[in-house]
Amino acid sequence: MEQQRQSYGLFVRPQGLNDAHSPYDWYKKMRKDSPVAFDPVRNCWDVFLHEDVQMVLQDYKRFSSNRNGVIPSLLDLDPPTHRRYRNIVSQAFTPKAIQALAPRITSVTHELLAAIQGKGEIDIVKDIAYPLPVIVIAEMLGVPGKDRAKFKEWSNVLVSGTQSLAPEEMTKLLEEQRKATLELYSYFQEIVSQRKLEPKNDLVSTLLAAEVDGEKLNMEELLSFCLVLLVAGNETTTNLVTNTMLTLFEHPDALEELYENPALIPSAIEEALRYRSPVHAMNRFVTEDIELKGMHLKKGQEVMAWIGSANRDEAVFERPNVFNIHRTSNNHISFGSGAHFCLGSQLARLEAKICITEMLKAFPNMELDTQKELQLVPSAFVYGYKALPVIVGLGEKVK
């Protein structure tokens with residue numbers, strides 16, 4: 005068996021990112037000075053331009069997703085194996101299936117908002133943006149409510165990163181992630197075994213029954229998909245809602261427009277996906293020696309495709325550092341590109357749309373609590389905040 009590839013790029017924040025006031029300052033500098041750069045500390049290549057990031061994500065023949073992990077997942081596979089796997093699981097993510105979740109997403113959102121009505125200050129992350137997708141994903145998978153806290157713990161560990169390559173820190177991080185993965189694997193194995201005996205109206209039962217050309221998912225494939233769904237479904241939506249609301253607080257005119265015309269909310273979400281992407285980078289591995297922007301990438305080397313930078317590329321977006329909810333050309337790649345385009349993108353969009361729509365209805369007056377410092381989630385590839393404290397007023401909106 006091939007040795008598992010070490011993903012330093014995916015889990016260690018580059019020094020340039022740590023030193024910069026904002027990640028976007030670093031991205032802009034790198035797009036101009038070093039659009040393809042090798043980091044000897046992290047032992048990987050960083051790619052910053054939209055055209056190159058998109059190419060790395062799409063060209064699976066030269067840039068492989070295969071990490072040779074202990075437990076392979078949908079994210080680690082290349083076509084044609086990936087295509088077979090995705091064709092099966094996508095049966096549970098049709099537009100009709102996603103839209104059917106809208107009433108329940110709305111109901112959960114109302115419950116969460118009702119629990120914080122009357123408070124003078126709320127934390128959008130803790131009170132709304134985190135619990136909503138966790139509850140939805142847990143219910144989709146048939147997970148009991150009492151176990152949702154475990155979901156968050158596991159998810160936090162699996163997306164965590166470090167600023168150091170010190171052996172003891174890397175060993176600790178990798179061991180924590182391995183432990184969380186195995187715990188998740190064991191947890192879902194029990195649920196899958198139960199559904200084999202007694203199918204229910206949930207996603208696990210649907211996936212057990214789904215097949216393409218007479219082929220079904222094996223136990224390992226099904227378990228790994230449950231793991232991916234937990235992390236991707238949780239982190240992406242939580243950060244999408246949080247990042248969108250933070251950006252709106254920073255742009256009060258845009259927020260006012262949404263209060264007056266909620267039909268603009270989907271457009272605002274798309275612009276927030278570009279402007280402050282919930283996922284800032286994904287990694288791939290070079291399958292053959294290639295040249296990119298005059299740089300020579302060697303077979304086996306890791307490449308980090310910086311989505312957060314691509315979405316601010318001056319060559320693609322007009323005034324990329326301006327948040328414009330009326331932007332008509334928005335070719336962002338926040339949900340990836342190519343074979344690994346995010347399967348749950350429409351679910352994330354739907355959850356964000358419902359959540360933000362209902363939040364604006366519930367709270368006619370909202371503003372960011374600027375007295376409290378915002379802290380980013382400690383990750384090299386996920387971009388979100390630990391908390392988003394907001395002061396809410398009661399009654400009608402004051403014009």
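Residue numbering for the sequence shown follows this note's numbering, starting at 5 and increasing by one per position.
The beta-carbon is built from N, C-alpha and C at its ideal position, and this holds for glycine as well.
For I126, the first and last residue of its enclosing beta strand (DSSP E): E125 to D127
Contact test: V208 Cβ vs the ligand ATP heavy atom, cutoff 7 angstroms: With respect to the ligand ATP, the structure shown offers nothing to examine, as it has no ligands at all.
Identity of the residue in T110, F15 and V16 nearest K357 by Cα: T110
Rounded C-alpha distance that separates I75 from E179: Confidence in I75 is poor, its pLDDT being 47 and thus under 50, which makes the residue's placement unreliable; the coordinate value appears in the next sentence. Straight-line Cα distance between these residues: approximately 14 angstroms.
Straight-line Cα distance separating L53 from A214: Rounded to the nearest angstrom, the two C-alpha atoms are 39 angstroms apart.
C48 versus S349 - alpha carbon distance: 28 angstroms
Beta-bridge pairing of D50 - partner residues as DSSP gives them: A41 and M308
Nonlocal neighbours in the same chain, by C-beta distance under 6 angstroms from A24, ignoring five residues either side: Excluding residues within five positions, the ones whose Cβ falls inside 6 angstroms are W30.
Exposure label - F385; buried when at least 16 CB within 10 Å: buried
8 angstroms contact criterion, which I329 and A391 should meet: CB distance rounded: Between the beta-carbon of I329 and that of A391 there is about 25 angstroms, and that puts the pair past the 8 angstroms contact cut.
Backbone CA spacing between Y189 and L21 [nearest angstrom]: 33 angstroms
With 16 other Cβ atoms within 10 Å as the buried cut-off, status of L78: Legend: pLDDT at L78 = 48, less than 50; position of this residue unreliable, no value from coordinates given.
Own chain residues within Cβ distance below 8 angstroms of A319, not counting five before or after: L53, H54 and E55
Cβ neighbour criterion (16 or more within 10 Å) applied to N205: exposed
Member of V396, P135, S341 and E172 whose CA lies at the smallest distance from the CA of K365: V396
Buried/exposed call for A142, threshold 16 Cβ in 10 Å: A142 should be labelled buried.
Beta-carbon contacts of Y387 that lie in its chain and below 8 angstroms, excluding the five residues immediately before and after: Hits under 8 angstroms: P27, N243, N247, R280, S281, P282, V283, H284, G312, L380 and V381.
Euclidean distance between Cα positions of R35 and F339: 21 angstroms
At least 3 beta-carbon pairs within less than 8 angstroms: the stretch 293-309 vs the stretch 261-272: no
Cβ shell of D293 (< 8 angstroms), same chain only, five flanking positions each side left out: The beta carbon of D293 sits closer than 8 angstroms to the beta carbons of H300, L301, K302 and K303 from its chain, once the five residues preceding and following it are set aside; these are given in chain order.
Through-space distance from T113 to G73, alpha-carbon basis: Here G73 scores only 49 on pLDDT, less than 50, and its place in the model should not be relied on; the value that follows carries that caveat. Looking at the two C-alpha atoms, the distance is approximately 36 angstroms.
Sequence-distant residues of its chain with Cβ nearer than 8 angstroms to A96 (five each side left out): In the same chain as A96, and ignoring 5 residues on each side of it, the C-beta atoms closer than 8 angstroms to its own belong to L207, T210, L211 and A214, in chain order.
From L136, Y191, E371 and M363, residue whose alpha carbon lies closest to that of P266: M363
Collapsed DSSP secondary structure at H114 in the structure displayed: helix
Contact under 8 angstroms by Cβ, I132 with V245: yes
Beta-carbon gap between L117 and L354 smaller than 8 angstroms: no
Contacts around I337, its chain only, beta-carbon distance under 8 angstroms, and the 5 residues preceding and following it disregarded: H54, V57, Q58, L61, I311, A314 and N315
E172 burial status per 10 Å Cβ neighbour count (16 or more: buried): exposed
Cβ separation of L347 and V93, assumed to be a contact under 8 angstroms, to the nearest whole Å: Confirmed, Cβ separation roughly 7 angstroms.
Alpha-carbon to alpha-carbon, L250 and T361: 15 angstroms
Closer than 8 angstroms to chain D by CB, K220: Absent here is chain D; the protein component of the structure consists of one chain.
For D37 and D63, the rounded distance between their alpha carbons: 24 angstroms
Buried versus exposed call for P39 [16 or more other C-beta atoms within 10 Å across all chains shown]: buried
Classification of K32 by the beta-carbon crowding that lies within 10 angstroms, buried from 16 upward: K32 comes out buried.
C-beta contact flag for C230 and F192 at 8 angstroms: yes
Simplified DSSP state of G397, which is helix, strand or coil: strand
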